[in-house]
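In the order they appear, the protein sequences are chains A and B.
In terms of this note's numbering, the first sequence opens at residue 23 and continues consecutively.
In terms of this note's numbering, the second sequence opens at residue 36 and continues consecutively.
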Amino acid sequence: EDKVVQSPLSLVVHEGDTVTLNCSYEVTNFRSLLWYKQEKKAPTFLFMLTSSGIEKKSGRLSSILDKKELFSILNITATQTGDSAIYLCAVAPGDTGRRALTFGSGTRLQVQP
Amino acid sequence: DGGITQSPKYLFRKEGQNVTLSCEQNLNHDAMYWYRQDPGQGLRLIYYSQIVNDFQKGDIAEGYSVSREKKESFPLTVTSAQKNPTAFYLCASSRDSGGYNEQFFGPGTRLTVL
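Below, the structure written as C-alpha cells:
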C-alpha cells in the first residue's frame, strides 16, 4: 500500500521566518510527487517533481525531490500571513496498479504577524 | 472559463437518507476523482474514473457509489450505508490518470448529517 507521511503536522512561525516542510513516501511504482496549498477550500497546485535533485522555484517557494531517500521538501522563505494554509504532498503512480494520487495528511502552517 | 464546479456548496442530510453530490468539469479531462477530507486530515480517495463508463474504488469506497455516463460529469452518491458521512468532499480532474498531469480541484461540498 502506498504511503505518504508529512511532517510536521502543524507549525506556527512569525512573518519573515523561513520554513521547511517535509514529505516522505513509500510507493510501489513512483511517477511524480506533487505539492498543493489549501487555504479554505480547493487545493491549488504548487509543484510537480519527477527528477531527483532539480529544484523547482516559484517566488518565495521552492521544492526538491530525492528519489533515492524517498522524500521531498518544500521551502518557504520570508513567510507572509498569506502563506497560512495546509500544505499537501501527494505521489502519483506509474503505468500500473492504482492510477490516482495518494495524499499525506498535510502540514498546517500558521504565519503570525 | 474552464474549471470544475461542485454543487451544492453546503448540504444537510438526515440520517438514513441518500444524497448525491454533483461534479462537472469543462476541461475536457478524461480522469475524475472524489476525495473526502475530515478536519485536520489529508485527502482520502473514495472513487476515481479514468474514462467514461469506467470507475474504480479508492481507499474508502464503502457506503458510496458513483457513475460516469458523460465525460464532463462524475456524481457521487452518499448512501445510508455510510456510517460517518459528515465531511468535506472534493472532486478533482486531470487530463489523464497517469502521473505526469496535476489534478485540478473543485471548490468542495460540505456535507453535514443531522
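The C-beta atom is built at its ideal place from N, Cα and C for all residues, glycine as well.
Quick caveat: nothing in here was measured; it's all calculated off a predicted structure.
query	result
I'd like the list of long-range same chain contacts for residue 26 of chain A, defined as Cβ closer than 7 Å, with 5 residues on each side in sequence excluded.	45, 47, 111, 112, 113, 124, 125 and 126
Tell me, which residues are paired with residue 101 of chain B by DSSP?	B/111
Within its chain, find whatever has a CB closer than 6 Å to the CB of residue 97 of chain A; leave out the 5 residues flanking it on each side and keep chain order.	42 and 84
Less than 8 Å separating the beta-carbons of residue 54 of chain A and residue 72 of chain A?	yes
DSSP three-state label for residue 42 of chain A, please.	strand
Does any residue of chain A have a CB that is nearer than 8 Å to the CB of residue 78 of chain B?	yes
Excluding sequence positions up to five away, which residues of its chain have a Cβ less than 8 Å from the Cβ of residue 52 of chain B?	115
Would you kindly work out how many angstroms separate the C-alpha atoms of residue 68 of chain B and residue 60 of chain B, rounded to a whole number?	11 Å
Determine, using beta carbons only, whether residue 140 of chain B comes closer than 8 Å to chain A.	yes
Determine which residues share a DSSP beta bridge with residue 36 of chain A and list them.	A/134
Who are residue 114 of chain A's beta bridge partners in DSSP?	A/54
Got a sec: is the Cβ-Cβ distance from residue 121 of chain A to anything in chain B below 8 Å?	yes
Any beta-carbon of chain B closer than 8 Å to the one on residue 38 of chain A?	no
Note the first and the last residue of the continuous beta strand (DSSP E) segment covering residue 127 of chain B.	122 to 129
List the endpoints of the continuous beta strand (DSSP E) containing residue 66 of chain B.	66 to 72
Out of B/93, B/92, B/88 and B/94, which has the shortest C-alpha to C-alpha gap to residue 150 of chain B?	Since the displayed chain B opens at 36 and closes at 149, residue 150 of chain B lies outside it and no answer follows.
Taking Cβ-Cβ distances shorter than 7 Å, what residues in chain A pair up with residue 143 of chain B?	63 and 64
Could you check if residue 128 of chain A is buried or exposed, using at least 16 other CB atoms within 10 Å of its CB as the buried criterion?	buried
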